[in-house]
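Peer 1:
Numbering (our numbering), first residue to last: 77 to 236.
(1) Does chain D have any CB closer than 9 Å to the CB of residue 204?
(2) Distance check for residue 77 and residue 148, CA to CA, integer angstroms please.
(3) What residue from 186, 202, 97, 174 has the CA that sits closest to residue 116's CA?
(4) Would you mind listing the alpha helix (DSSP H) stretches within the stretch 167 to 203 that are 4+ residues and don't spill past its ends, in chain order?
(5) Nearest CA to the CA of residue 128: which residue from 106, 142, 161?
(6) Apart from the five residues on each side of it in sequence, which residues of its chain come closer than 6 Å, Cβ to Cβ, to residue 164?
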């Protein structure tokens, strides 16, 4: 997949008005994820992505391996993207699902291994909820008229 296909998929899945908004969503999600995971893992994950996209995981990140939780992740994505938290969480889920459809499954597993799980429902599994539910499929898209949609119910990230 090249840059245009990747950004086109994000534009379509998130129903954004254009490439600029899509690139902003991609940058917000992947640079924040790059801050959270170790440098070597960010490089491994980035290696299967278009070069213009992989930079957000590696080159755009000053410090890798920072320790922050799911709520802080959503806050950072929200701030960079300039949108509310529930939309930021949804955008991150959709972008991670797209990345998961491109990179080897082992890479996603290694990323997940670096993100802690908690018993309080406020853990990193939320980032992978689309991946875990089978991903973005044609059937889902046909049923919803644009794929899985954000909901206020059960988001768990509307407030910090």
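For every residue, glycine included, the Cβ atom is placed at its ideal position computed from N, Cα and C.
Peer 2: Based on what the coordinates show:
(1) The structure shown has no chain D; it contains just one protein chain.
(2) When rounded, the distance between both Cα atoms is 30 Å.
(3) Of the listed residues, the one whose Cα sits closest to residue 116 is 186.
(4) As summarised for the stretch 167 to 203, the continuous alpha helix (DSSP H) elements at least 4 residues long and confined to that stretch are 181 to 189, given in chain order.
(5) 106 is the residue among 106, 142, 161 whose C-alpha sits nearest the C-alpha of residue 128.
(6) Within the same chain, Cβ atoms closer than 6 Å to the Cβ of residue 164 are found at 150, 153, 154, 157, the five residues on either side in sequence being excluded.
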